[in-house]
Amino acid sequence: MGRFYITTPIYYVNDAPHAGHAYCTVNADAMARWHRLAGDEVLFLTGTDEHGQKVAEAAEIHGIHPREWTDQTARRFVEAWALLDISNDDFVRTTEERHRETVQTFLTEIYQNGYIYKDVYRGLYCVACEDYYTPEQLVDGKCPVHGREIVEMEEENWFFKLSAFQDRLVEYFERHPDFTLPETKRNEALSFIKSGLRDISITRSSITWGVAVPWDEGQVFYVWYDALINYLTAIGYGRDEAMLQHWWPYSNHLIGKEIIRFHAVWWPAMCMAAGIEPPHHIQVHGWLLVGGQKLSKSMGADGPVRLSDITPASLVSEFGTDAVRYYLLRDTPLGTDGDFSLEGITSRYNSDLANNLGNLVARVATVVGSKCGGVGPAPGATTDLDAEIDSALDHATAAWERFAPHLALEAAWRLIGATNHHLESHAPWKSDPGVDVDAVMGTALEAIRVVSVMIAPAMPATSREVRRRIGLEPDLAPGAWASTRADRYRGGNPVEKGDPLFPRITSTS
Ligand code: MSP
Numbered sequence: 004m005g006r007f008y009i010t011t012p013i014y015y016v017n018d019a020p021h022a023g024h025a026y027c028t029v030n031a032d033a034m035a036r037w038h039r040l041a042g043d044e045v046l047f048l049t050g051t052d053e054h055g056q057k058v059a060e061a062a063e064i065h066g067i068h069p070r071e072w073t074d075q076t077a078r079r080f081v082e083a084w085a086l087l088d089i090s091n092d093d094f095v096r097t098t099e100e101r102h103r104e105t106v107q108t109f110l111t112e113i114y115q116n117g118y119i120y121k122d123v124y125r126g127l128y129c130v131a132c133e134d135y136y137t138p139e140q141l142v143d144g145k146c147p148v149h150g151r152e153i154v155e156m157e158e159e160n161w162f163f164k165l166s167a168f169q170d171r172l173v174e175y176f177e178r179h180p181d182f183t184l185p186e187t188k189r190n191e192a193l194s195f196i197k198s199g200l201r202d203i204s205i206t207r208s209s210i211t212w213g214v215a216v217p218w219d220e221g222q223v224f225y226v227w228y229d230a231l232i233n234y235l236t237a238i239g240y241g242r243d244e245a246m247l248q249h250w251w252p253y254s255n256h257l258i259g260k261e262i263i264r265f266h267a268v269w270w271p272a273m274c275m276a277a278g279i280e281p282p283h284h285i286q287v288h289g290w291l292l293v294g295g296q297k298l299s300k301s302m303g304a305d306g307p308v309r310l311s312d313i314t315p316a317s318l319v320s321e322f323g324t325d326a327v328r329y330y331l332l333r334d335t336p337l338g339t340d341g342d343f344s345l346e347g348i349t350s351r352y353n354s355d356l357a358n359n360l361g362n363l364v365a366r367v368a369t370v371v372g373s374k375c376g377g378v379g380p381a382p383g384a385t386t387d388l389d390a391e392i393d394s395a396l397d398h399a400t401a402a403w404e405r406f407a408p409h410l411a412l413e414a415a416w417r418l419i420g421a422t423n424h425h426l427e428s429h430a431p432w433k434s435d436p437g438v439d440v441d442a443v444m445g446t447a448l449e450a451i452r453v454v455s456v457m458i459a460p461a462m463p464a465t466s467r468e469v470r471r472r473i474g475l476e477p478d479l480a481p482g483a484w485a486s487t488r489a490d491r492y493r494g495g496n497p498v499e500k501g502d503p504l505f506p507r508i509t510s511t512s
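Its first residue numbered 4, the sequence shown is counted upward by one per residue in the working numbering.
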């Protein structure tokens, strides 16, 4: 049995959860669910990033204390993830006491190891990014990401000696070619390191909303320096050495492409400075875009649409949890940008879910009802679909192992297609005496059983419902993936037709 510790970035609570956040969280969830099914011991962490100027400003705009604001907004993330059936084992909030302690212990360790010093900071800062820029990086004097005004800062701060880690980081990347993937993102991080690293100001004296610097009470840590440490808060750093050793070597950070530098450059250097190994793996994904842009406006039927206006709740109420999960996992491979549209989700829903999966299950139940007395027949010792089943499982296993849920689902849908084809070519619904209806239906039921396992990481409720309808135990035990090939659909189960799993959608409102 292996181990798999997976994290999402912790989301800023200046804003409500939207489809872009859901994309990352659903992908991490499917990965966690697959590893549990494959028999691995899994820890899945998500949470909220609650300090920093951006959050303090959002609270001020709403006229409430940051504490009240963060409580409200963090709750919205918890609710959104419940709606999307997210199976996180823990949820870290950076305003929690356990996190404050971890940050203070971790950074004190770095301070004592001699990698933190005091200096005057002068620089250009974008509050929306919570990041620094050099004059050359600005576009028309403004932030290159948000187009926002840049703030000129001058403070006496504590600095982290990032420059001291340049050679060690290059060496680490070379010794661990899979540390950051995909390859293009690895190269981006490595060339950033090779271009020369500058020390970073890691504290603020001008704000109070943050974790206090233990050796200098007038300052709080810069939000990124507090945030990254969340990955250690949840696994007992400074509190439970056995837990830390249990999980840290198996850590996987799933992150969006704009925060590579923090995760693949700063974070491993911080770990080295504190005397622990860098995280095991960083998997980078692209952005969901609307009309080719991340946050800006594009025209929809009722006016401008922004991705940030598309909430998980609105999607779930229109399409249902599993359809939203399926679309997010299937349509945009991890590593590339994807276009998010209501037409796109509707068309995936109708073709893949209503026509292919939904029809297959309904059709099999109907024929078993009319030709087999409602009782599912057992497949023969070998079936026409054995090769397709083997290949689907092999491809899906390889895909999940390398963070490619879209390919794992593609493999499941190839099997669904082959099973529909099998039914059409034997046409068991016609009363042709040359057709062995029991054998044909047993084969189809066996394929549906395998499909129910293959879709479980992506569509857990649909998997349970399909299994229930063909007379199987709905819940899959941990490790069930590994025994899928050896198990067999046992005949003699009642098969139920039920309502359409995915009634066709004719228009989007
Ligand atoms: N708080 C930091 C992360 C700290 S992790 C130690 C942060 N938060 S964020 O809320 O701005 O973004 C969190 C994640 O959401 C990022 O990985 C980002 O890429 C992802 N997404 C935000 N909008 C997105 C899309 N439109 N599409 C896909 N993912 C996007 O950064």
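In this text, a Cβ means the ideal position worked out from N, Cα and C, and glycines have one as well.
The model shown is predicted, which means the values in this text are computed figures rather than measured ones.
For E100, the closest alpha carbon among the candidates A25, I508, E53, I67 is that of E53. Per the coordinates, the alpha-carbon of P282 lies some 43 Å from the alpha-carbon of L448. Of the heavy atoms belonging to the ligand MSP, none sits nearer than 7 Å to the Cβ of E60. Secondary structure of N255 (DSSP, three-state): strand. The C-beta distance from F162 to D134 rounds to 16 Å, too long to meet the 8 Å contact threshold. As computed with DSSP, N160 is found in a beta bridge with D122. Assigned with DSSP and collapsed to three states, Y352 falls in helix. Checking the 7 Å criterion, the Cβ of E191 is out of range of every heavy atom belonging to the ligand MSP. Here the distance from the Cβ of Y15 to the nearest heavy atom of the ligand MSP is below 7 Å. For L291, same chain residues with a beta-carbon under 7 Å away, outside a window of 5 residues either side, are A22, G23, Y26, L310, T335, G341, F343 in chain order. Residue state for E449 is assigned as helix, using DSSP reduced to three classes. Per DSSP, the beta bridge partners of D134 are C129.
For N423 and A461, the gap between their C-alpha atoms comes out near 21 Å. Taken through DSSP and simplified to helix, strand or coil, P271 comes out as helix.
By a beta-carbon distance limit of 8 Å, G379 does not contact V370. Their separation comes to about 10 Å. Between the segment 114-131 and the segment 155-169, the count of C-beta pairs closer than 8 Å reaches three or more; the two stretches touch. Under the three-state reduction of DSSP, P20 is assigned to coil, being neither helix nor strand.
The C-beta of K188 has 16 or more other C-beta atoms within 10 Å across all chains shown, which makes the residue buried. The segment 369-421 contains, as complete alpha helix (DSSP H) runs of 4+ residues, the segments 389-404 (chain order). By a beta-carbon distance limit of 8 Å, T49 contacts N91. Their separation comes to about 5 Å. At a Cβ-Cβ threshold of 8 Å, C375 and D441 count as neighbours. A distance criterion of 7 Å places the beta-carbon of I262 in contact range of the ligand MSP, judged by its closest non-hydrogen atom. Closest in alpha carbon position to Q169, among A459, R351, M273, is M273. Taking C-beta atoms as the reference points, W484 and A41 count as a pair closer than 8 Å.
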